[in-house]
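Read the structure below first, then the notes.
Number of protein chains: 2
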Amino acid sequence: MNPSALDSLIEALRCLPGVGPKSAQRMAYHLLQRDRSGAQRLGDAVQHALQAIRHCQRCNTFSEAEVCERCLSPRRDPSVLCVVETPVDMNMMEQTLSYQGLYYVLMGRISPLDGVGPRELGLDRLMARALDGVVKEVILATNYTNEGEATAHYITAMLKPKGVGVTRIARGVPVGGELEYVDSGTLAQALRERKSCSG
Amino acid sequence: MNPSALDSLIEALRCLPGVGPKSAQRMAYHLLQRDRSGAQRLGDAVQHALQAIRHCQRCNTFSEAEVCERCLSPRRDPSVLCVVETPVDMNMMEQTLSYQGLYYVLMGRISPLDGVGPRELGLDRLMARALDGVVKEVILATNYTNEGEATAHYITAMLKPKGVGVTRIARGVPVGGELEYVDSGTLAQALRERKSCSG
């Protein structure tokens, strides 16, 4: 008995991740009853983003320009390429303030269960990017999940034979982490990859 | 370092209830990366709903017509008016299949903490609706929360002196409920409002 425009809105809201029928209904009612100006902004922003946003041709992240600002920056070191799964991960790397190289954003990970293989992930474009002759080292910063690990292995196997240096970010006890609360897999890895103490 | 159209989209998504900065970011990335057609549908549906949907002049629920289908139905009993807080509550009442009267949807509840008083809730419109000369009984089906109770009390005080019958849906042990798991307030109420057994 809902008006059809309302049903369409509820249905459309369900395309958002984590939004089921109940939440979608609550969201639609909220937009129409409490926040029509917010709804207007949302509608406009979606339309505008769809028109304006594409992928940077070099690093594959979201960008309004053909090549994003970061890739164009003369301050970044073009000989190091950090591979991450998502733009969020790239932001996390930037927040460390300890990386000056460039990025390649996979926009996903190899995940056979979801039907995402090397081809779907567009790893050939990463290949072309990494073999531009300028990149000397590829740092794999995919997640330490099964999928992230599989992705890292695949990229390593792909790039190593081409003579590009490939490294993986370290795994170990988090800074501020207490051994008591660290899972045993992490601790085992931290033990195996122990470093000699300087000084 | 996000493109501005992306930042606008993330900001706009935050007008949805229960969506914070992290979820909004995840939603925006999902829409742009995984579901552009869904995003297009969402943008269109929001715009269309904003244009098409208004409030039924009689029952105040969302409607595309001036007066909604239910209010126009000759099958409903116009002498009974059920007051609910939201369209969801109205749907719940309909699902009981045991109500044939009409509705008035408050689109909220009296909630002084949120700055919603009788005036903001538009109780004068309910007043006009209930005193149309046809309505004989107003059934208050607001929630049994503090706000819902306050709203019911206020409406009762408003309508009783005008000679309209005002009733409140019963409170008690839910059907299928076990005494062991029912809260003591509900049980006390069920005891106080006990009915004589027939037969």
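First to last, the protein sequences are chains G and F. Take my numbering: the final residue in the first sequence is number 1502, and no numbers are missing along the way. Take my numbering: the final residue in the second sequence is number 1502, and no numbers are missing along the way. Every residue gets a Cβ at the ideal spot worked out from N, C-alpha and C, and that includes glycine.
Where residue i meets chain G, residues with beta-carbon distance less than 8 Å
{"i": "C1318/F", "result": "L1334, D1338, G1341, A1342, R1344 and L1345"}
{"i": "I1472/F", "result": "Per Cβ cutoff of 8 Å: no residues; I1472/F is ~20 Å from chain G at best."}
Interface residues of chain F facing residue i [CB-CB closer than 9 Å]
{"i": "E1367/G", "result": "P1306, S1307, A1308 and L1309"}
{"i": "A1444/G", "result": "By Cβ distance, chain F contributes nothing, its closest Cβ being about 17 Å from A1444/G, past 9 Å."}
{"i": "I1356/G", "result": "P1306, A1308, L1309, L1312 and L1335"}
Cβ-Cβ distance between residue i and residue j below 9 Å
{"i": "E1388/G", "j": "V1408/G", "result": "yes"}
{"i": "S1326/F", "j": "G1321/G", "result": "yes"}
{"i": "L1316/F", "j": "A1348/G", "result": "yes"}
{"i": "V1467/F", "j": "A1493/F", "result": "no"}
{"i": "C1318/F", "j": "L1334/G", "result": "yes"}
{"i": "T1459/G", "j": "G1475/G", "result": "no"}
{"i": "I1442/G", "j": "V1383/G", "result": "yes"}
{"i": "Q1350/G", "j": "Q1350/F", "result": "yes"}
{"i": "L1424/F", "j": "M1410/F", "result": "yes"}
{"i": "G1346/F", "j": "G1418/G", "result": "no"}
{"i": "N1449/F", "j": "P1390/G", "result": "no"}
Neighbour list for residue i in chain F, Cβ cutoff strictly below 8 Å
{"i": "T1389/G", "result": "Y1332"}
{"i": "A1315/G", "result": "G1341, R1344, L1345, D1347, A1348 and V1349"}
Per-residue burial, residue i [other beta carbons within 10 Å of its own, 16 or more giving buried]
{"i": "T1445/F", "result": "buried"}
{"i": "T1364/F", "result": "buried"}
{"i": "V1469/F", "result": "buried"}
{"i": "C1500/F", "result": "exposed"}
{"i": "A1491/G", "result": "exposed"}
{"i": "A1473/G", "result": "exposed"}
{"i": "R1344/F", "result": "buried"}
{"i": "R1495/G", "result": "exposed"}
{"i": "R1378/F", "result": "exposed"}
{"i": "M1395/F", "result": "exposed"}
{"i": "V1386/G", "result": "buried"}
{"i": "Q1398/F", "result": "exposed"}
{"i": "Y1484/G", "result": "exposed"}
{"i": "G1323/F", "result": "exposed"}
{"i": "A1352/G", "result": "buried"}
{"i": "L1375/F", "result": "exposed"}
{"i": "D1486/G", "result": "exposed"}
{"i": "L1462/F", "result": "buried"}
Paired residues, beta bridge with residue i - DSSP
{"i": "E1397/F", "result": "DSSP lists no partner for E1397/F."}
{"i": "H1358/G", "result": "F1365/G"}
{"i": "S1414/G", "result": "V1419/G"}
{"i": "E1440/F", "result": "V1383/F and G1468/F"}
{"i": "V1408/F", "result": "V1387/F"}
Contact set between residue i and chain F, taken where Cβ atoms lie within less than 7 Å
{"i": "Q1328/G", "result": "V1391"}
{"i": "Q1350/G", "result": "G1346"}
{"i": "L1312/G", "result": "A1348, V1349 and A1352"}
Beta-carbon contacts of residue i that lie in its chain and below 8 Å, excluding the five residues immediately before and after
{"i": "A1355/F", "result": "E1367"}
{"i": "G1420/F", "result": "I1413"}
{"i": "P1381/G", "result": "G1404, L1405, V1437 and V1438"}
Chain-ordered neighbours of residue i on chain G, where CB pairs are closer than 9 Å
{"i": "L1405/F", "result": "Chain G residues near L1405/F: none, gap ~13 Å exceeds 9 Å."}
Contact set between residue i and chain G, taken where Cβ atoms lie within less than 7 Å
{"i": "M1410/F", "result": "Q1336"}
Own chain partners of residue i with C-beta closer than 6 Å, once the 5 adjacent residues on each side are dropped
{"i": "Q1360/G", "result": "E1369 and V1370"}
{"i": "A1342/F", "result": "L1334"}
{"i": "E1481/G", "result": "none"}
{"i": "L1416/G", "result": "none"}
{"i": "G1429/F", "result": "According to the sequence shown, residue 1429/F is Leu rather than Gly. Cβ neighbours of L1429/F beyond the five flanking positions: Y1407."}
Close-in-space but distant-in-sequence residues of the same chain around residue i (CB under 7 Å, 5 per side omitted)
{"i": "G1451/F", "result": "E1388, R1412 and T1445"}
{"i": "A1331/G", "result": "L1309, L1312, I1313 and L1316"}
{"i": "A1453/F", "result": "I1413"}
{"i": "R1471/G", "result": "L1443 and A1455"}
{"i": "L1465/F", "result": "Per the sequence shown, residue 1465/F should be read as Lys rather than Leu. The answer, listed in chain order, is L1434."}
{"i": "D1392/F", "result": "A1444"}
{"i": "Y1447/G", "result": "R1474"}
{"i": "R1357/G", "result": "S1366"}
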